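**Student:** The structure under discussion is supplied below as structure tokens; questions concerning it will follow.
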Amino acid sequence: MQTPTDRHEYPAHWEADVVLRDGGTARIRPITADDADRLVSFYEQVSAESKYYRFFAPYPRLSAKDVHRFTHHDFVDRVGLAATVGGEFIATVRYDRIAADGRPASAPADEAEVAFLVQDAHQGRGVASALLEHVAAVARERGIRRFAAEVLPANTKMIKVFTDAGYQQKRSFEDGVVRLEFDLEPTDRSLAVQRAREQRAEARSVARLLAPGSVAVVGAGRTPGGVGRSILDNLRDAGFTGRLYAVNGALQEKELAGVPAHRSVRDIGESVDLAVIAVPAGRVPEAVAECGEHGVQGLVVVSAGYAESGPEGRERQRELVRQARTYGMRLIGPNAFGVINTSPRTRLNASLAPEMPRTGRIGLFAQSGAIGIALLSRLHRRGGGVTGVTGVSTFVSSGNRADVSGNDVLQYWYDDPDTDVALMYLESIGNPRKFTRLARRTAAAKPLVVVQGARHGGAAPQGHAVRATRLPHATVSALLRQAGVIRVDTITELVDAGLLLARQPLPAGPRVAILGNSESLGLLTYDACLAQGLQPLPPRDLTTGASAADFRAALAHALADDACDAVVVTAIPAVGERSAADAALAEALRSASAAAPAKPVLVVHVELGGLAEALSAAAGTAPAGVTAPAGTPQSGTASAAADPAPPTAPVPPEAGSAEADSRLIPAYPAAERAVRALAEAVKYGQWRQEAADPGRVPEYEDIDEKGAAEQIGRLLVDGEGGATAEAGQTEPGAPVPGAALPETEPGPAEGALTLGPDDTCALLARYGIDVRRALPAPTPGEAVAAAEHLGYPVALKTTAPHLRHRADLGGVRLDLADEEQLRRAYAELTSLFGEPEELRPVVQAMAPRGVDTVVRAVIDPAAGAVLSFGLAGAASELLGDTAHRLIPVTDRDAASLVRSIRTAPLLFGWRGSAPADVAALEELLLRLSRLVDDHPEVVSVSLEPVVVAPRGLSVLGASVRLAPPPARDDLGPRTLPVY
Numbered sequence: 010m011q012t013p014t015d016r017h018e019y020p021a022h023w024e025a026d027v028v029l030r031d032g033g034t035a036r037i038r039p040i041t042a043d044d045a046d047r048l049v050s051f052y053e054q055v056s057a058e059s060k061y062y063r064f065f066a067p068y069p070r071l072s073a074k075d076v077h078r079f080t081h082h083d084f085v086d087r088v089g090l091a092a093t094v095g096g097e098f099i100a101t102v103r104y105d106r107i108a109a110d111g112r113p114a115s116a117p118a119d120e121a122e123v124a125f126l127v128q129d130a131h132q133g134r135g136v137a138s139a140l141l142e143h144v145a146a147v148a149r150e151r152g153i154r155r156f157a158a159e160v161l162p163a164n165t166k167m168i169k170v171f172t173d174a175g176y177q178q179k180r181s182f183e184d185g186v187v188r189l190e191f192d193l194e195p196t197d198r199s200l201a202v203q204r205a206r207e208q209r210a211e212a213r214s215v216a217r218l219l220a221p222g223s224v225a226v227v228g229a230g231r232t233p234g235g236v237g238r239s240i241l242d243n244l245r246d247a248g249f250t251g252r253l254y255a256v257n258g259a260l261q262e263k264e265l266a267g268v269p270a271h272r273s274v275r276d277i278g279e280s281v282d283l284a285v286i287a288v289p290a291g292r293v294p295e296a297v298a299e300c301g302e303h304g305v306q307g308l309v310v311v312s313a314g315y316a317e318s319g320p321e322g323r324e325r326q327r328e329l330v331r332q333a334r335t336y337g338m339r340l341i342g343p344n345a346f347g348v349i350n351t352s353p354r355t356r357l358n359a360s361l362a363p364e365m366p367r368t369g370r371i372g373l374f375a376q377s378g379a380i381g382i383a384l385l386s387r388l389h390r391r392g393g394g395v396t397g398v399t400g401v402s403t404f405v406s407s408g409n410r411a412d413v414s415g416n417d418v419l420q421y422w423y424d425d426p427d428t429d430v431a432l433m434y435l436e437s438i439g440n441p442r443k444f445t446r447l448a449r450r451t452a453a454a455k456p457l458v459v460v461q462g463a464r465h466g467g468a469a470p471q472g473h474a475v476r477a478t479r480l481p482h483a484t485v486s487a488l489l490r491q492a493g494v495i496r497v498d499t500i501t502e503l504v505d506a507g508l509l510l511a512r513q514p515l516p517a518g519p520r521v522a523i524l525g526n527s528e529s530l531g532l533l534t535y536d537a538c539l540a541q542g543l544q545p546l547p548p549r550d551l552t553t554g555a556s557a558a559d560f561r562a563a564l565a566h567a568l569a570d571d572a573c574d575a576v577v578v579t580a581i582p583a584v585g586e587r588s589a590a591d592a593a594l595a596e597a598l599r600s601a602s603a604a605a606p607a608k609p610v611l612v613v614h615v616e617l618g619g620l621a622e623a624l625s626a627a628a629g630t631a632p633a634g635v636t637a638p639a640g641t642p643q644s645g646t647a648s649a650a651a652d653p654a655p656p657t658a659p660v661p662p663e664a665g666s667a668e669a670d671s672r673l674i675p676a677y678p679a680a681e682r683a684v685r686a687l688a689e690a691v692k693y694g695q696w697r698q699e700a701a702d703p704g705r706v707p708e709y710e711d712i713d714e715k716g717a718a719e720q721i722g723r724l725l726v727d728g729e730g731g732a733t734a735e736a737g738q739t740e741p742g743a744p745v746p747g748a749a750l751p752e753t754e755p756g757p758a759e760g761a762l763t764l765g766p767d768d769t770c771a772l773l774a775r776y777g778i779d780v781r782r783a784l785p786a787p788t789p790g791e792a793v794a795a796a797e798h799l800g801y802p803v804a805l806k807t808t809a810p811h812l813r814h815r816a817d818l819g820g821v822r823l824d825l826a827d828e829e830q831l832r833r834a835y836a837e838l839t840s841l842f843g844e845p846e847e848l849r850p851v852v853q854a855m856a857p858r859g860v861d862t863v864v865r866a867v868i869d870p871a872a873g874a875v876l877s878f879g880l881a882g883a884a885s886e887l888l889g890d891t892a893h894r895l896i897p898v899t900d901r902d903a904a905s906l907v908r909s910i911r912t913a914p915l916l917f918g919w920r921g922s923a924p925a926d927v928a929a930l931e932e933l934l935l936r937l938s939r940l941v942d943d944h945p946e947v948v949s950v951s952l953e954p955v956v957v958a959p960r961g962l963s964v965l966g967a968s969v970r971l972a973p974p975p976a977r978d979d980l981g982p983r984t985l986p987v988y
């Protein structure tokens, strides 16, 4: 029997909300002694067959001894977890630690038996798979490395749960029972399975919100103009294809504005998929409870008065999320503008937008209602800004995004056949690590364009729960670009890029042909291309007298040129009547473009509303044979096939096809805007090509991963890291260097341990990173002794915080060939800067001459592990010339990291200097990446300077910090964010 000292406190960090396969939610938590009645009630609702599969015999009810056993756990050797909905159990899992002979055991035994029981009504929802992920994470935390399970052969569903999980396993059959044994260490396959399930579940949860079969508007009033009534009218006027209900406790009528009306959601005689709640914040809990008890699947809360209003509102928001998830519902909002789905199958306008947007291929996500309105307006209107007509597939305005976030919508868009381009306005990123992972996968299938507001405000917008990051916005933006995100700075640029990517193919390269009837406009376009890093061909001036036929011939010639990847057409208005000429020119450009569908075409126009309108005047986006409801605005964008298809790279339409003939040409009112959008498309196209071959993470035979893990574990337990000295020094108390990469150096992690020089060198050496030792020199005599030990020539350095790594301040003396030079240098340093006690001088053997660089790796709580590189020195610091990559780094990542800084030519023989050994530098980056990726306890590594010589390199200084790893990391089980 366990004594009180053997028991652990209730592990609250094991509690989690999860999204199930069907899009609903459940809460997973440890089972405690207070759950006896819940367990009995749960067991009574399980079928006799499921009980037989669990206990291998008829077992109609649990005895008092059973109930005690299944509700009393020590949270170490015996653990039970339950999945709950509405506070009641729907499934349980438990493990018991066992020894090699199968008897109950304690640590260091590392095997446990595991068993599940799922209520029949909830089987097939992926509950057991979610529980397996969580109980496996718990077991790993408690030192268990392997699960064993005994299953009857007829229990095929449970066998499938284990076999589909992706773990390496062994199977045996004895005495009529299948015995499965599997290691709990995550594998590439188990992670792939977990993330595929995450995507399907979260996409399904958003689909239930965007494609409901029935909608109830709670708070719809009698008088037009109120929030609830406006949303009800918008749903009705948009032609929503499902059932629509008005709900208001004050209503006596059976109908409101032609819609069936009820006083409560409970009074609706049919199921309700989505509820839009537009009542005062104080009445929202009652409305949510009614929806949950009626089985509503999801909520859109437009009510305000939550976290945006202060601390009381924040607590009200937390309770709203908890309440919704208790009933298994997902939530958009609160303080949301609403959601829209323009699909003819749904026609949902559950928002405050008075008009239904035109159907199109662009998905929109905005955290701000005002920005959402601006985006919808710009994409809807003709004339002004980006002219021409386009449409959207879906629109989500998340408001305070207390539950459903941009990550969830990305999961939905990833394989949504109606969305070709995703545009997002974000004011904060709650989980940048997950967002980067999802963005990389989404961007490989379809363009993702993001503009981030509140970049320089220093704090997240009110109402947004955001993980704290130590990285500046510029670094986070660089990391997002590496994930394939098209980062723009304004709403105008967001729409400009979105229109091009939705209407035209990706350019194969940066070569741009320019033609038009204005020499000046052509030259402006040429200059804009150069400014954006494109390679423009000399502009072709067709003169102001050019006809539509001249434009057609010139465009066809440019598109047929193998030296051209894209074409920008510039046009100025003709004098006199324009409508017929505009239509003729638009048709000429479209017909020439259709003959070469693999190359994008853009138009720069000057006050040519007629031309822009004509360029966009194509068939509606509804698939052939589909008739929009009467009164529905028709889109001006081209249609893509409506049949669902897996997300793959778009295939350019064949010349002469209907799709090619109706391909729209985006028109821009300024050359700079057109070229900026084209430049983003070029960079994205290059990223897509590179993403097809991301490289590999090399294996190095000399890496001692096990030895490093043992050393790290021992150091964390003992807390003996040698205080804060940098490798190469023995003087304790020296702070961790800041210097060359200040934007990536985090503040001290909570509980972090900075290793001393011996441990730093030993740990790095296990990964093949050798650090040149420096010996302390508190007196001239000891400096001489150190030099004789190391061998001349040597360097004499100060390690005082204000002088370290600052050769420009004179705190370093190099190439000291003998004792006389060393003593003279020692005297100079002490006379200039102070006493040895203050300077902390060290002696170090001279390294081969080369280029001084700085390499750092940090664990950011929001962005994850980041590897940074730059040249050492004040110039690089001043210019912020630093490059970053997410860990783990592949060989291609390492090569691009070295070459992406502006001062990279110094490594490749600039002005006749000897080229540095870049291959050795790339190997160092890869080894450091492996160290941080293999051991999450390594929270910071700084290598400064790293001198890269023509042959080999020398690490002259290093510091390492350790901290206990988080209980759950990116390899952990699926969970919804905790608000």
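Just so you know, we're using my numbering here: the sequence shown kicks off at 10 and counts up by one. Ideal Cβ positions, reconstructed from N, Cα and C, are used throughout, including at glycine. As the structure is a computational prediction, the values presented were derived from the model and not from experiment.
(1) Does the region 442-457 come within contact of the region 414-423, defined as at least 3 CB pairs closer than 8 angstroms?
(2) I'd like to know whether the C-beta atoms of V224 and L283 end up nearer to each other than 7 angstroms.
(3) Work out the CA separation of L447 and V576 for me, nearest whole Å.
(4) Hey, A866 and V950: beta-carbon distance below 7 angstroms or not?
(5) What residue does the beta strand (DSSP E) around I349 start on, and which one ends it?
(6) Kindly list the residues whose CB is nearer than 6 angstroms to the CB of V160, restricted to its own chain and excluding five residues on each side of it in sequence; keep chain order.
(7) If you reduce the DSSP assignment to three classes, tell me which class I168 lands in.
(8) Short check: CB of D192 to CB of R155, under 7 angstroms?
(9) In the structure shown, what three-state DSSP assignment does D242 receive?
(10) Taking the alpha helix (DSSP H) that Q491 belongs to, which residues open and close that run?
(11) How is the alpha helix (DSSP H) around N440 delimited, first residue to last?
(12) Roughly how many angstroms separate the alpha carbons of S414 and S407, rounded to a whole number?
(13) Leaving out five residues before and five after D31 in sequence, what residues of the same chain have Cβ atoms less than 7 angstroms from its Cβ?
(14) State the DSSP-derived secondary structure class of Y709, mapped to helix, strand or coil.
(15) Where does the unbroken alpha helix (DSSP H) through R339 begin, and where does it stop?
(16) Tell whether a beta-carbon distance below 7 angstroms holds between D412 and S352.
(17) Starting from L724, follow the alpha helix (DSSP H) in both directions and report where the run begins and ends.
(18) Would you call Y176 buried or exposed, if buried means 16 or more other Cβ atoms sit within 10 Å of its Cβ?
(19) Out of E302, A145, Y677, state which residue places its alpha-carbon closest to the alpha-carbon of C88.
(20) Tell me which residue opens and which closes the alpha helix (DSSP H) that P845 is part of.
(21) Under 8 angstroms, with one C-beta from each stretch per pair, do the region 502-519 and the region 481-491 reach the 3-pair mark?
(22) Does the region 257-276 come within contact of the region 191-205, defined as at least 3 CB pairs closer than 8 angstroms?
(23) For my contact list, A676 and H614 are in at a C-beta cut-off of 8 angstroms; report their separation, rounded to the angstrom.
(24) Note down the Cα distance separating V227 from V285, rounded to an integer number of angstroms.
(25) Quick one: using the 10 Å Cβ neighbour count with 16 as the cut-off for buried, is G278 buried or exposed?
(26) Which first and last residues belong to the beta strand (DSSP E) in which I37 is found?
(27) Taking the Cβ atom as the reference point for each residue, do P456 and V430 lie within a distance shorter than 7 angstroms?
(28) Do C573 and G567 come within 7 angstroms of each other at the CB atom, strictly closer than that value?
(29) In angstroms, rounded to a whole number, what distance separates the CA positions of I9 and G507?
(30) Taking the beta strand (DSSP E) that E159 belongs to, which residues open and close that run?
(31) Tell me whether F374 is buried or exposed, calling it buried when 16 or more other Cβ atoms sit within 10 Å of its Cβ.
(32) Measuring CB atoms only, is the region 958-966 touching the region 114-122, in the sense that at least three cross pairs come out at less than 8 angstroms?
(33) Could you give the first and the last residue of the continuous beta strand (DSSP E) run that contains R551?
(34) Across the region 777-793 and the region 831-845, are there enough close Cβ pairs to call them in contact, namely three or more that are closer than 8 angstroms?
(35) In the structure shown, what three-state DSSP assignment does S199 receive?
(36) Please identify the residue among L880, L933, L848 whose C-alpha is closest to the C-alpha of E708.
**Tutor:** Answer, in terms of the structure:
(1) yes
(2) yes
(3) 32 angstroms
(4) yes
(5) 347-350
(6) M167, I168, V187
(7) helix
(8) yes
(9) helix
(10) 482-491
(11) Unbroken run through N440: none, as it is neither H nor E.
(12) 7 angstroms
(13) R134, R213
(14) coil
(15) From DSSP, R339 is part of no alpha helix (DSSP H) but of the beta strand (DSSP E) over 339-341.
(16) no
(17) 714-727
(18) buried
(19) The sequence given here has Val at residue 88, not Cys. Here the closest residue by C-alpha is A145.
(20) 845-848
(21) no
(22) no
(23) 5 angstroms
(24) 6 angstroms
(25) exposed
(26) 34-39
(27) yes
(28) One point to set straight first is that residue 567 is Ala, not Gly, in the sequence displayed. The answer is yes: Cβ separation under 7 angstroms.
(29) Here the chain covers residues 10 to 988 and nothing more, so residue 9 does not appear.
(30) 155-160
(31) buried
(32) no
(33) Reading off the sequence shown, one finds Leu at residue 551, where the question assumed Arg. First-last for L551: undefined, no H or E at that position.
(34) yes
(35) helix
(36) L933
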